[in-house]
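Colleague: Questions regarding the structure given below will be posed in turn.
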DNA sequence: CGAGACATTGATGTCTGTCAAGCTGTGTGG
DNA sequence: CCACACAGCTTGACAGACATCAATGTCTCG
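Protein chains in written order, with this note's numbering: chain A, 3 to 236; chain B, 3 to 236.
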C-alpha cells in the first residue's frame, strides 16, 4: 500500500474490471452526451455493497455514472458523524470535480456497476469542444441546485417534512409501477436527512398508520397519497 | 407594475444606477477574469439595506459581484421559515445560474454596491472563449463546495460547532486587523446556521465568557483564540 | 437625547436524540 | 425445504439540546 502512489492508484478493489471500451446508449444518457462527441474511452467497473469508490480528498481521477445499483456521497466529522449529500441512482453522474480532489467520499450502497471516464480526458475535451464544457458546467450546476434545496431541508424542515421530501424525491427518481424499492437502509436515510434512523422509522410508521403509504418489506414502499405527502412537506 | 414584463424588468429599485461601463481591476478580480477577456459591458448598481436584488425563481438576467456591502442568498418555506445559503461579501460573485432562473432570492444586508453583467453576454462569450466557459464552471463548483460543507454543518453539527464554524469563516473572509465587523444581524446568522437568533446569541455569549472572543458592540468581534475555536468546531 | 431596532438573558416547553428491548425478514446451511 | 442466525427495523421510555415565549438591556441613528 505504501508503495502505491496516489497518482497511479488503482480503482478501488473492484469485483470485476472490464477495461474494454463500451458503447454508450445515446438516448437520455448524460455521460453519453459528453463522450459521444469526444470519443473518450469509457470503462465499466463494479463495486460490492459498502465498498468505497473513492475517499474524501482523494485525487479526482475519474468521473462516474451509475449503470446499475446505488451510491452514497458523504462527508464525515472526526467523531464519525456522517452527512450524506446525495444518493446516486442509475443514470446519475457523480464524482465530477472542477478541482483536483473529491470533496465527498463515495460508497456503493448495494452491488453497483458504473461507467467511468478519466477526468483528464474530459478536461481536455472541454478545451476544444464547447458543448462538453457547457455540459460539465450544467451538471455541476444541477448538483448545486440539489444541494441548495437540501440545505433548506436540513436547516429548516421538521423530521416529518424531511421524510416526506425524501419519499417524494425517491418516488420521482426510482418508482416503477407505482412502487419504489429503496436501496438504502434507515441509517443512510437518516444521515441524508440529518436525523437518526429511529426518527426516520417513526415517521415512516406514522405515514403508514395514516394510510399515506404502504410497505411490503421495509424497503418496498407504495405511496398511496402523494397529495397528502406534499402537504406534509412544508 | 403589471405592465412591466419580466423580460424587460428593470433592476430592482436601485438607489443610483450608473449605466456607464466601468473599468475592472484585473488583479484578483473574479468577475474581471471573465470580463477582461470578452470586453463585456459591466455596470454598477446600488441597493439599500434589506432591498431585494432578485427573487427566487425570477429570470436570471444578470450576474453580480459585490463591490461594497454584503448580500444574503436564501430560500423560504411557505410559512416564512428561511434558510440563508450564503453570504456574499466584497469580491464575491453571486446570481450566476446555468439555468434560466435564480434558485435563491438575494437581498442587500446593508447598503451595497454591485457590478453586474448580462447573463446572456457571458453565455455568448463562453461559446467562443474556453477560458470564460471554464471560469463559469469553476465558480459554480466553488459554490457547490461551500454548499456541501454547509450541508454537513446543518445536518450534523451542534449549535456551538455551527457558531464556531461561522466565526472562523467570517474571520477568514472579512477580518481586518484581527477584527471583524459583521454586516448581518443575529437572525441572519441563525437563518444561515439553521438555529434561532437566541441560540446564536447564547453561543456567542458563552464564547465571550470563555475568553475565546471579545466584543466591541454586538457586531464587532475579535477572535482571541482561534485554536480553541477550531477545537469547538468538530 | 430619545426612540426603536437589535441583542441578551431567563424560564419553560418540545421535538428529536439516546438507550434499550424486541421483532422481522432475508439469506444460508443442514 | 425448513430453521436458524443476524442484520436491519420498529417501538418504547427517557433525556437533553435547542426552540419558544417573555422581559430587559443596549446601541445606533435620526
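For each residue, glycine too, the CB sits at the ideal point set by N, CA and C. What you are looking at is a predicted structure, and each value in this text was computed from that prediction instead of being measured.
I'd like to know if residue 152 (chain A) contacts chain B, where contact means its C-beta is closer than 8 Å to some C-beta of that chain.
Modeller: Translated into the one-based positions of the first chain, residue 152 (chain A) becomes position 150. Output row for residue 152 (chain A): interface = yes.
Colleague: Is the closest heavy atom of the ligand GTP to the C-beta of residue 106 (chain A) under 7 Å?
Modeller: This structure lacks the ligand GTP, and indeed carries no ligand of any kind.
Colleague: Are any of the Cβ atoms in chain B nearer than 8 Å to that of residue 129 (chain A)?
Modeller: Position 127 of the first chain holds residue 129 (chain A). For residue 129 (chain A), the answer is yes, since a Cβ of chain B falls inside 8 Å of its Cβ.
Colleague: Return helix, strand or coil for residue 124 (chain B), following the three-state DSSP convention.
Modeller: Within the second chain, residue 124 (chain B) is the residue found at index 122, counting from 1. Note: residue 124 (chain B) maps to helix in three-state DSSP.
Colleague: Name the residue from A:79, A:144 and A:231 whose alpha carbon lies nearest to the alpha carbon of residue 164 (chain B).
Modeller: Along the second chain, one-based indexing puts residue 164 (chain B) at 162. Nearest option by C-alpha distance: A:79.
Colleague: Going along the chain, which residues of its own chain have a beta-carbon closer than 7 Å to the beta-carbon of residue 97 (chain B), five neighbours each way excluded?
Modeller: Mapped onto the second chain, residue 97 (chain B) falls at position 95. Once the five neighbours on either side are set aside, the close Cβ partners of residue 97 (chain B) are 56, 62, 64, 65, 66, 104 and 108.
Colleague: Using the rule of at least 16 other Cβ atoms within 10 Å of the residue's Cβ for burial, across every protein chain shown, is residue 134 (chain A) buried or exposed?
Modeller: Taking the first residue of the first chain as position 1, residue 134 (chain A) is located at position 132. Classification of residue 134 (chain A): buried, given that the 10 Å Cβ count is 16 or more.
Colleague: Measuring alpha carbon to alpha carbon, tell me which residue in B:68, B:177 and B:48 is nearest residue 34 (chain B).
Modeller: Looking up residue 34 (chain B) in the second chain gives position 32. Nearest option by C-alpha distance: B:68.
Colleague: Show which residues of chain B have a CB atom less than 8 Å away from the CB atom of residue 57 (chain A).
Modeller: The sequence position of residue 57 (chain A) within the first chain is 55, counting from 1. In chain order: nothing, as chain B lies at least about 15 Å away.
Colleague: Run through chain B and tell me which residues come within less than 7 Å of residue 138 (chain A), C-beta to C-beta.
Modeller: Within the first chain, residue 138 (chain A) is the residue found at index 136, counting from 1. Chain B residues near residue 138 (chain A): 139.
Colleague: So the candidates are A:215, A:88 and A:71; which of them puts its Cα closest to the Cα of residue 144 (chain A)?
Modeller: Here residue 144 (chain A) is taken as the residue at index 142 of the first chain, counted from 1. Ranking A:215, A:88 and A:71 by Cα distance to residue 144 (chain A) puts A:88 first.
Colleague: Evaluate the contact criterion for the stretch 108–126 of chain B versus the stretch 164–180 of chain A: three or more CB pairs, one atom per stretch, below 8 Å.
Modeller: No: the two stretches stay apart, fewer than three of their Cβ pairs being nearer than 8 Å.
Colleague: How long is the line joining the alpha carbons of residue 184 (chain B) and residue 114 (chain B), rounded to whole angstroms?
Modeller: Your numbering for residue 184 (chain B) matches position 182 in the second chain. Your numbering for residue 114 (chain B) matches position 112 in the second chain. Answer to the nearest angstrom: the Cα atoms are 14 Å apart.
Colleague: For the stretch 71–101 of chain B, which residues have a beta carbon sitting closer than 8 Å to at least one beta carbon of chain A?
Modeller: Result list: 77, 79, 80, 81, 83, 84, 85, 87, 99, 100 and 101.
Colleague: Determine, using beta carbons only, whether residue 85 (chain A) and residue 190 (chain A) come nearer to each other than 8 Å.
Modeller: Residue numbering aside, residue 85 (chain A) sits at position 83 when the first chain is read from its first letter. Residue numbering aside, residue 190 (chain A) sits at position 188 when the first chain is read from its first letter. Cβ atoms of residue 85 (chain A) and residue 190 (chain A): not closer than 8 Å.
Colleague: Could you give the DSSP three-state label for residue 177 (chain B): helix, strand or coil?
Modeller: Numbered from 1 along the second chain, position 175 holds the residue referred to as residue 177 (chain B). It is coil, neither helix nor strand.
Colleague: Compare the C-alpha of residue 77 (chain B) against each of A:100, A:99, A:155 and A:138 and name the closest.
Modeller: Translated into positions along the second chain, residue 77 (chain B) becomes position 75. The residue with the shortest Cα to Cα distance from residue 77 (chain B) is A:155.
Colleague: Measuring only the C-alpha atoms, how far is residue 142 (chain A) from residue 226 (chain B)?
Modeller: Counting from 1 along the first chain, the entry for residue 142 (chain A) is found at position 140. Counting from 1 along the second chain, the entry for residue 226 (chain B) is found at position 224. About 38 Å.
Colleague: DSSP state of residue 55 (chain A), grouped into three classes?
Modeller: Walking along the first chain from the start, residue 55 (chain A) turns up at place 53. If DSSP states are grouped into helix, strand and coil, residue 55 (chain A) belongs with the strands.
Colleague: Mapping DSSP to helix, strand and coil, what is residue 230 (chain B)?
Modeller: Residue numbering aside, residue 230 (chain B) sits at position 228 when the second chain is read from its first letter. Looking at residue 230 (chain B) - three-state DSSP - the assignment turns out to be helix.
Colleague: Does the beta-carbon distance from residue 140 (chain A) to residue 128 (chain B) come in below 8 Å?
Modeller: By one-based count along the first chain, residue 140 (chain A) stands at place 138. By one-based count along the second chain, residue 128 (chain B) stands at place 126. Going by C-beta atoms, residue 140 (chain A) is not nearer than 8 Å to residue 128 (chain B).
Colleague: Using only CA atoms, which one of B:236, B:81, B:117 and B:106 lies nearest to residue 94 (chain B)?
Modeller: For the purposes of this step, residue 94 (chain B) is taken as residue 92 along the second chain, with counting starting at 1. The option with the nearest alpha carbon to residue 94 (chain B) is B:117.
Colleague: Between residue 145 (chain B) and chain A, is the shortest Cβ-Cβ distance under 8 Å, so that the two count as touching?
Modeller: Here residue 145 (chain B) refers to the residue found at position 143 when the second chain is read from its first residue. Closer than 8 Å to some Cβ of chain A, the Cβ of residue 145 (chain B) qualifies, so yes.
Colleague: Could you pull the DSSP bridge partners for residue 109 (chain A) from this structure?
Modeller: Taking the first chain and counting its residues from 1, the one referred to as residue 109 (chain A) is at position 107. DSSP output for residue 109 (chain A) lists A:54 and A:74 as bridge partner(s).
Colleague: Taking Cβ positions, are residue 231 (chain B) and residue 169 (chain B) nearer each other than 8 Å?
Modeller: Here residue 231 (chain B) refers to the residue found at position 229 of the second chain. Here residue 169 (chain B) refers to the residue found at position 167 of the second chain. Closer than 8 Å, so yes.
Colleague: Taking residue 2 (chain A) as the query, report the chain B residues whose CB atoms sit under 7 Å from its CB, ordered along the chain.
Modeller: What the structure shows of chain A is the stretch from 3 to 236, and residue 2 (chain A) is not part of that stretch, so it cannot be assessed.
Colleague: What is the DSSP secondary structure of residue 133 (chain B), counted as helix, strand or coil?
Modeller: Numbered from its first residue, the second chain carries residue 133 (chain B) at position 131. The answer is helix: DSSP assigns residue 133 (chain B) an H, G or I state.
Colleague: Would you say residue 106 (chain A) lies against chain B (beta-carbon separation less than 8 Å)?
Modeller: Residue numbering aside, residue 106 (chain A) sits at position 104 when the first chain is read from its first letter. For residue 106 (chain A), the answer is yes, since a Cβ of chain B falls inside 8 Å of its Cβ.
Colleague: Where do the N-terminal and C-terminal ends of the alpha helix (DSSP H) with residue 188 (chain A) fall, by residue?
Modeller: By one-based count along the first chain, residue 188 (chain A) stands at place 186. That run of the alpha helix (DSSP H) goes 188–195.
Colleague: Only counting the same chain, and skipping five residues up and downstream in sequence, which positions put a Cβ closer than 7 Å to that of residue 70 (chain A)?
Modeller: Within the first chain, the letter at position 68 stands for residue 70 (chain A). Same-chain partners within the cutoff: 92, 114 and 115.
Colleague: Buried or exposed for residue 50 (chain A), going by 16 or more other Cβ atoms inside 10 Å?
Modeller: The residue you call residue 50 (chain A) lines up with position 48 of the first chain. When all chains shown are included, residue 50 (chain A) counts as exposed.
Colleague: Quick check on residue 156 (chain A) - is its C-beta less than 8 Å from some C-beta in chain B?
Modeller: Within the first chain, the letter at position 154 stands for residue 156 (chain A). Yes, because at least one Cβ of chain B sits closer than 8 Å to the Cβ of residue 156 (chain A).
Colleague: Can you pull the chain A residues whose beta carbon is under 7 Å from the beta carbon of residue 196 (chain B), in chain order?
Modeller: Looking up residue 196 (chain B) in the second chain gives position 194. Here the neighbours are 156, 157 and 158.
Colleague: Taking 8 Å as the threshold (beta carbon to beta carbon), is residue 132 (chain B) in contact with chain A?
Modeller: The residue you call residue 132 (chain B) lines up with position 130 of the second chain. With 8 Å as the cut-off, residue 132 (chain B) counts as an interface residue toward chain A.
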